[in-house]
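A.B. asks: Residue numbers (the working numbering): 501 to 928. My questions all concern the structure below.
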Amino acid sequence: MPAYGIVGAQWGDEGKGKIVDFLAENADMVVRYSGGSNAGHTVINQMGEFALHLVPSGIFHKTVDVVIGPGVVVDAPVLLKELEGLHANNVDTSRLLISDHAHVVMPYHLMLDQLEEKERGGSAIGTTGRGIGPAYVDKVARVGIRVGDLLDPSYLSERLENVLRTKNKILEKIYGADPIQFEKLYKEALEWGQALQSYVASVEQRILDALSVKSKIVLEGAQGAMLDLDHGTYPYVTSSSVSIGGACTGLGIPPSQIIGIIGVYKAYSSRVGAGPMATELNDSMGHEIREKAWEYGTTTGRPRRVGWFDGVAAKYSSTINGFTSAVLTRLDVLDGIDPVKICVAYEIDGKRVENFPSQSKHLSSAVPIWEEMSGWSKPTAGATNLADLPNEAKAYVERIQKIIGCPIDIISTGPKRDESIIVRSLVE
Ligand code: GDP
Ligand code: IMO
Ligand code: MG
């Protein structure tokens with residue numbers, strides 16, 4: 501004890517990277533538990549500005565061990581490039597460990613992700629194209645290649661030969677694509693293994709050992725709860741367990757070890773890719789927020805859809821995760837916008853609905869019921885004291901706190917590490 505889970509509470513890009521980097525100051529270990537290079541976690545600190553896809557956001561702290569856990573899917577070339585970028589900025593990565601159980605995103609996963617999306621036509625999910633869905637499919641189908649396999653040439657050869665036989669049939673016969681050559685891929689995969697060898701370890705016991713000596717562990721989530729495979733807006737979701745349960749299954753730690761479950765919320769909503777978003781703003785206000793906040797994907801550069809804060813979705817994600825506290829980010833983006841709106845319920849088929857609908861099709865027809873609040877003209881940007889927030893901004897934060905039903909312990913007022921208001925210390 502103790503572990504603290506940091507979970508995206510909306511549709512991803514809530515600012516988890518910034519918050520994990522900030523909280524890591526008081527941590528001994530930071531562990532990524534799910535997802536893959538579909539994640540893009542921005543960290544801005546004294547070492548520079550970074551967009552991390554696989555390396556945990558605790559990497560900038562010299563005394564913090566960082567771990568890519570078994571539940572993550574690893575694209576080796578992306579990871580190697582990310583490590584190169586960190587080294588070029590003098591970031592020490594020697595404390596990184598990669599689970600030998602983590603699955604490898606293979607080139608055929610990338611190909612299939614893109615081919616499947618094309619095949620879906622008008623109902624495409626709008627994936628990041630990073631091979632995430634196909635990699636998790638293979639994990640579940642028990643035909644995945646794991647990071648540890650990259651270090652075992654004969655086992656890798658046997659596994660890869662078997663998998664490629666089927667994959668090439670799919671690529672050629674279903675999609676009319678070129679097959680993947682075994683020799684070339686095998687050689688590449690061995691090279692990845694060699695390049696990553698010094699980082700690869702059996703990490704589960706190390707995490708449990710750290711917990712047993714009361715090390716402070718930050719469990720870094722990726723994506724957001726509304727993209728959770730089981731609990732999100734299916735089928736417009738990612739392919740992993742984003743919510744706090746994913747930290748237990750993805751890392752092999754018991755739930756009882758997690759003493760803090762911290763939901764990271766953005767002060768409004770954003771979503772990349774397709775799928776219902778009840779509070780989406782398709783007007784000049786949406787445009788204004790997108791441009792002001794530079795809401796463009798960290799991983800794909802796609803413009804993010806933006807909207808007012810969705811209180812119904814926010815309460816749902818707090819409930820399914822059991823958030824013990826929350827972080828509210830990007831409050832500064834709303835500076836100067838008056839009035840601001842919060843969706844407190846939906847109208848679906850003429851009825852007021854306060855619980856999040858279980859079917860995406862119902863959400864698509866949901867009409868938000870708004871609560872309008874006064875905006876604020878005095879800027880919150882860069883504020884580090886609660887007392888410095890204008891009363892209207894405080895009232896807005898308090899209203900969100902009431903809706904989600906747990907205390908907002910950190911309010912983030914800018915992208916930099918220290919642009920934060922600590923209402924109550926989280927990792928103690
Ligand atoms: P993540 O995927 O949850 O880590 O979030 P991203 O990094 O994809 O997107 C969040 C964006 O918001 C990044 O550009 C951050 O630098 C930025 N950011 C984080 N917190 C704040 C904040 O409080 N205010 C402002 N203006 N930007 C923030
Ligand atoms: P972070 O960790 C925002 C979205 C994609 C798409 C859906 C499925 O930076 O918050 P996938 O490639 O996972 O199969 O795509 O999920 N998505 C994200 N949106 N932030 C992310 O990660 C995301 N990871 C996946 O846009 O809609
Ligand atoms: Mg992101």
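Idealized CB from N, CA, C, for every residue including glycine. Given the structure is predicted, the values throughout are model-derived calculations rather than measurements.
1. Sort out for me which residues DSSP pairs W808 with in a bridge.
2. CB of K516 to nearest heavy atom of the ligand IMO: below 7 Å?
3. What residue from D783, S770, V923 and M873 has the CA that sits closest to R830's CA?
4. My guess is that S825 and V507 are in contact by the Cβ rule of under 8 Å, so how many angstroms apart are they, rounded?
5. Does DSSP put N545 in a helix, in a strand, or in coil?
6. Going straight from the alpha carbon of L596 to that of S864, what length do you get?
7. Among G648, M873, S818 and Y655, which one has its Cα closest to the Cα of A602?
8. In three-state terms, what does DSSP make of H603?
9. Which value, in whole angstroms, describes the spacing of the CA atoms of S623 and G629?
10. Go through the stretch 603 to 641 residue by residue and report every complete run of the alpha helix (DSSP H) that reaches 4 residues or more, in order.
11. When the Cα atoms are used, what is the spatial distance from K684 to A677?
12. Quick one: grab the DSSP three-state call for D888.
13. Could you check what DSSP says for M501 in three-state terms: helix, strand or coil?
14. Output the distance between the C-alpha atoms of M529 and D849, rounded to the nearest integer angstrom.
15. Which same chain residues end up closer than 7 Å to M501 when comparing Cβ atoms and leaving out the 5 residues on each side of it in sequence?
16. Can you list, in chain order, the stretches of the beta strand (DSSP E) that have 3 or more residues and sit fully within the stretch 501 to 587?
17. Between R642 and the ligand GDP, is the CB less than 7 Å from at least one heavy atom?
18. Would you tell me roughly how many angstroms separate the C-alpha atoms of L583 and D638, rounded to the nearest one?
19. Which residue wins for smallest C-alpha separation from R917, given the options E688, A539 and H561?
20. Check K716 in the structure and name its three-state DSSP category.
21. Below 8 Å between beta carbons: does that hold for V567 and V703?
22. Use the C-beta contact count for E514: other C-beta atoms within 10 angstroms, 16 or more gives buried, fewer gives exposed.
23. Evaluate Q510 with the Cβ neighbour count: other Cβ atoms within 10 Å of its Cβ, from every protein chain shown; 16 or more gives buried, anything less gives exposed.
24. For R804, does the count of other Cβ atoms within 10 angstroms reach 16, so buried, or fall short, so exposed?
25. Is T733 near the ligand IMO, with its Cβ less than 7 Å from a heavy atom?
26. Applying the 10 Å Cβ sphere with the 16-neighbour rule, what's the burial state of P634?
27. Grouping DSSP H, G and I as helix and E and B as strand, with all else coil, what is G732?
28. In the DSSP assignment, the beta strand (DSSP E) including K792 goes from what residue to what residue?
29. Spell out a yes or no on whether the stretch 724 to 744 and the stretch 771 to 779 are touching, meaning 3 or more CB-CB pairs, one atom from each, closer than 8 Å.
30. Can you list the residues near the ligand MG, meaning Cβ strictly closer than 5 Å to any non-hydrogen atom, in the order they appear in the chain?
31. Measure the alpha-carbon distance for T542 versus I908 and round it to whole angstroms.
32. Check this for me: beta carbons of G571 and V564, under 8 Å apart or not?
33. Near K894, what residues of its chain come up, given a Cβ to Cβ distance below 8 Å and the 5 sequence neighbours on each side ignored?
34. Could you give the DSSP three-state label for R771: helix, strand or coil?
35. Just verifying my parser: in three-state terms, what is the DSSP assignment at A465?
36. State yes or no: is the C-beta of I625 within less than 8 Å of the C-beta of E619?
C.D. replies: In terms of the structure at hand:
1. None, per the DSSP bridge assignment.
2. The answer is yes for K516.
3. Taking the Cα of R830 as reference, the smallest distance to any Cα among D783, S770, V923 and M873 is reached at S770.
4. Between the beta-carbon of S825 and that of V507 there is about 11 Å, and that puts the pair past the 8 Å contact cut.
5. In the structure shown, N545 sits in a strand (DSSP, three-state: E or B).
6. Rounded to whole angstroms, L596 and S864 show a C-alpha spacing of 42 Å.
7. When C-alpha distances from A602 are compared across G648, M873, S818 and Y655, the shortest belongs to G648.
8. Of the three classes helix, strand and coil, the one that applies to H603 here is strand, per DSSP.
9. Cα to Cα, S623 sits roughly 15 Å from G629.
10. Counting only runs of 4 or more, we get 607 to 620 and 632 to 640.
11. K684 and A677 have their C-alpha atoms some 17 Å from each other.
12. Three-state DSSP puts D888 in a helix.
13. Note that M501 scores a pLDDT of 48, beneath 50, so its modelled location is shaky and nothing firm can be said.
14. Approximately 48 Å between the Cα atoms of the pair.
15. Unreliable placement is indicated for M501, whose pLDDT of 48 sits below 50; the coordinate value is still reported in the next sentence. A distance below 7 Å between beta-carbons, with the five flanking residues on each side excluded, links M501 to the following residues of its chain, in chain order: L711, K714, Q757 and I759.
16. Whole beta strand (DSSP E) segments, 3+ residues: 503 to 508, 529 to 532, 541 to 545, 548 to 552 and 565 to 568.
17. No - the ligand GDP has no heavy atom lying nearer than 7 Å to the Cβ of R642.
18. Rounded to whole angstroms, L583 to D638 spans 26 Å at the Cα level.
19. Of the candidates E688, A539 and H561, the one whose C-alpha sits nearest the C-alpha of R917 is H561.
20. The three-state reading of DSSP puts K716 in coil, since its state is none of H, G, I, E or B.
21. Going by C-beta atoms, V567 is nearer than 8 Å to V703.
22. The residue is buried, with at least 16 neighbouring Cβ atoms inside 10 Å.
23. Classified as buried, Q510 has 16 or more neighbouring CB atoms from the shown chains inside 10 Å of its CB.
24. Under this definition R804 is a buried residue.
25. Flag unset: Cβ of T733 not near the ligand IMO.
26. So P634 counts as buried.
27. G732 carries a coil assignment under DSSP once its states are collapsed to helix, strand and coil.
28. From DSSP, K792 is part of no beta strand (DSSP E) but of the alpha helix (DSSP H) over S784 to K792.
29. Verdict: yes, contact present.
30. Those satisfying the condition are, in chain order, D513, G540 and T798.
31. Rounded to whole angstroms, T542 to I908 spans 21 Å at the Cα level.
32. No.
33. Cβ-Cβ distances below 8 Å link K894 to L886 in the same chain, with the five nearest sequence neighbours on each side left out; the list follows chain order.
34. Of the three classes helix, strand and coil, the one that applies to R771 here is strand, per DSSP.
35. The displayed coordinates of the chain run from 501 to 928. Any statement about residue 465 would go beyond what the structure contains.
36. Result no, Cβ atoms of I625 and E619 do not sit closer than 8 Å.
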